[in-house]
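**Student:** Sequence lines, in order, name chains A and B. Going by this note's numbering, 62 is the number at position 58 of the first sequence; the sequence numbering is gapless. Going by this note's numbering, 86 is the number at position 85 of the second sequence; the sequence numbering is gapless. All residues carry an ideal CB built from backbone N, CA and C; glycine is no exception. Below: one structure in structure tokens.
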Amino acid sequence: MIKALRTVGCYVVLMKRAFARPERMHMFFKQYIKEIEQLGINSIGIVLLISFFIGAVITIQIKLNIESPWMPRWTVGYVTREILLLEFSSSIMCLILAGKVGSNIASELGTMRVTQQIDALEIMGVNSANYLILPKITALVTAIPVLVTFSIFAGIIGAFATCWFGGIMTATDLEYGLQFTFVEWFVWCGIIKSLFFAFIIASVSAFFGYSVEGGSIEVGKASTDAVVSSSVLILFADLILTQLLMG
Amino acid sequence: MIEIKNLYKSFDDKEVLKGINATFENGKTNLIIGQSGSGKTVFMKCIVGLLQPTKGEILYDERNFLNMGKNEKKLLRREMGMIFQSAALFDSMSVLENVMFPLNMFSKDTLRDRQRRALFCLDRVKLSDASNKFPGEISGGMQKRVAIARAIALQPQYLFCDEPNSGLDPKTSLVIDELIQDITREYNMTTIINTHDMNSVMGIGEKIIFIYEGHKEWEGSKDDIFTSPNSKLNNFVFASDLFQKVKEAEVQNLEG
């Protein structure tokens, strides 16, 4: 219990240091653009790929499992849309990104720590937490809503692909279901949740990476801890945010 | 000049530094020597502020480092340069960007002037040709030279070197030692080198502090080492046959 409280305390202190005013704004923006590319743009491929296939699989599963003469034909499209908007493209995609981006952040900062690059920044009088962590958090918070939007579209294209190439149902029925009682707020819910998840992924992973002590084994452990902790916190946050936004 | 007064550092119950007093003069290469685990790295980390001492005073030209506020410390740090054991270059930046980094962060000069200064520093360590390479593409010796160039980019008053010859061949070590000594004299800096390389001790040891089990055991110049009766120092410095022979020859020379 004391260890957990100490960890939370250290996390808060690190975030306080990270959220200071940058020494040089042009250096901050340079880092920010670099992180947008590294954390956001480089994740587009995996987001599109996973979302496309999951969108397709959701459509097939719903079609096969709830097909009934009593069930309207638009149900498949409707349920697929709700799953994509409300949970998959925001929460599940962020869990996947916690694995990719979280381990990337933790291992990068952990390696910088064990190779004394962070010490070198401190000796120069640079606020290393601010210089290294703040651009990562802001970049991921900026990039995630875009990734979530891409994920929704890729999932819907995947759903249509099952109609066009698999022929499991007509595209017209799917399209009708996708548009049936559409609530715009659900899109915003997904985006709002993803902003919180982005903060969790970037800050928790940065904390584990930045706090590494030791060598390569500890960097590997920090990377695993970052992914596990981020994932658990995303699930908790999802529960609370869903209740707050939808309740 | 850096003065250390009665410096203590403990980790939990273990006392690593036990009341060290030392003075490091400017324009001189001050060496800290000692066995592995003697506390010399902890000593240097306390001096530069990477570790908080348990007790004592650290005076940078009569400015007490431990009593300074956050901003004062930050300003003082800009007068420091440090060369790490692993060189600690930023992997994602080219050699030129590494040297330009402290200038980009703190200098108000124009981009052209910053580039000119960085190229001058690289030229000073004879690495102008490698400016566009990345740290992973150059040798260990070259990385150390880039680290020296980065450390002197802001013309620091104090230079700290943590085992600068670690992992280098004797010839490259000699080049690094000479470079550090030349730069120390050129900029009249206070240089502190943490080492257990006896070639460095014999080559550039203008002032040497021998740390043994967390306390200062001996202090003197490289010439004093040959005549010192301190058995712990002799056991450490002249542990190898080669340096034993060097000592015998030197003592004969002094007697003759």
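1. Measure the beta-carbon distance from D242 (chain A) to S132 (chain A) and round it to whole angstroms, keeping in mind my assumption that it falls under 8 Å.
2. Residue range of the beta strand (DSSP E) that M83 (chain B) falls in?
3. How long is the line joining the alpha carbons of F212 (chain A) and L68 (chain A), rounded to whole angstroms?
4. So that I know if they touch, is there some Cβ in chain B lying closer than 8 Å to that of R117 (chain A)?
5. Could you compute how far the alpha carbon of F164 (chain A) sits from the alpha carbon of I221 (chain A)?
6. Would you tell me roughly how many angstroms separate the C-alpha atoms of L101 (chain A) and P103 (chain B), rounded to the nearest one?
7. Within 10 Å of its beta-carbon, does N99 (chain B) have 16 or more other beta-carbons around it, so buried, or fewer, so exposed?
8. Going by C-alpha to C-alpha distance, which of A:G218, A:L249 and A:L43 sits closest to L144 (chain A)?
9. Are S235 (chain A) and A110 (chain A) closer than 8 Å when you measure CB to CB?
10. Output the boundary residues of the alpha helix (DSSP H) element that contains D177 (chain A).
11. Please list, in chain order, all residues of the same chain as S107 (chain A) whose beta carbon is under 7 Å from its beta carbon, the five residues on each side excluded.
12. With a cut-off of 8 Å, does the C-beta of R64 (chain B) fall near any C-beta of chain A?
13. In this structure, how does DSSP classify H216 (chain B) when only helix, strand and coil are distinguished?
14. What's the gap between the Cα of I48 (chain B) and the Cα of N254 (chain B)?
15. Could you pull out every residue in the same chain whose Cβ sits closer than 7 Å to the Cβ of F92 (chain A), ignoring the five residues on either side in sequence?
16. Could you check where the alpha helix (DSSP H) with I137 (chain A) kicks off and where it finishes?
17. Any idea what DSSP makes of S174 (chain B), helix, strand or coil?
18. Does chain A have any CB closer than 8 Å to the CB of R115 (chain B)?
19. State the Cα-Cα distance for the pair L136 (chain A) and M106 (chain B), rounded to the nearest angstrom.
20. Between which two residues does the alpha helix (DSSP H) holding E188 (chain A) run?
21. Going along the chain, which residues of its own chain have a beta-carbon closer than 8 Å to the beta-carbon of I238 (chain A), five neighbours each way excluded?
22. Relative to the C-alpha of K145 (chain B), which candidate in B:R117, B:Q156 and B:L175 has its C-alpha closest?
23. What are the boundary residues of the beta strand (DSSP E) that includes V223 (chain A)?
24. Verify whether the separation of the beta carbon atoms of T192 (chain B) and L169 (chain B) is less than 8 Å.
25. Just the Cα atoms here: how many angstroms apart are I194 (chain B) and L52 (chain A)?
26. In chain order, what residues of the region 103-131 of chain A put their CB closer than 7 Å to some CB of chain B?
27. In terms of DSSP beta bridges, what is K6 (chain B) paired with?
28. Give the interface partners of E86 (chain A) over in chain B, defined as CB-CB distance under 8 Å, in chain order.
29. Does chain C have any CB closer than 8 Å to the CB of M19 (chain A)?
30. The beta strand (DSSP E) spanning L99 (chain A) covers which residue range?
31. Beta carbon of L180 (chain B), beta carbon of R79 (chain B): below 8 Å?
32. Alpha carbon to alpha carbon, what distance is there between K208 (chain B) and G221 (chain B)?
33. Which same chain residues, not among the five before or five after N189 (chain B), have their C-beta less than 7 Å away from its C-beta?
34. Determine the chain B residues that contact R28 (chain A) at a beta-carbon separation under 9 Å, and present them in chain order.
35. Nearest to I54 (chain A) by CA position, among A:G171, A:L245 and A:L151, is which residue?
36. How many angstroms separate the CA atom of I127 (chain A) from the CA atom of L18 (chain B)?
**Tutor:** Put simply:
1. Not a contact, Cβ separation roughly 32 Å.
2. M81 to I84
3. 44 Å
4. no
5. 45 Å
6. 33 Å
7. buried
8. A:L43
9. no
10. A175 to Q183
11. S227, A230 and V231
12. no
13. strand
14. 38 Å
15. I58 and G159
16. S132 to A165
17. helix
18. no
19. 13 Å
20. E188 to Y214
21. S95, C98, L99, A102, F201, I204 and I205
22. B:L175
23. Element bounds for V223 (chain A): not the beta strand (DSSP E) but the alpha helix (DSSP H), S220 to M250.
24. no
25. 53 Å
26. T119, Q120, Q121, D123, A124, E126, I127, M128, G129 and V130
27. B:E58
28. Residues of chain B passing the Cβ test: none, with the nearest at roughly 42 Å.
29. Among the chains of the structure shown, chain C does not appear; the protein chains present are A and B.
30. From DSSP, L99 (chain A) is part of no beta strand (DSSP E) but of the alpha helix (DSSP H) over M97 to L101.
31. no
32. 6 Å
33. N27 and G28
34. N105, M106 and F107
35. A:L151
36. 21 Å
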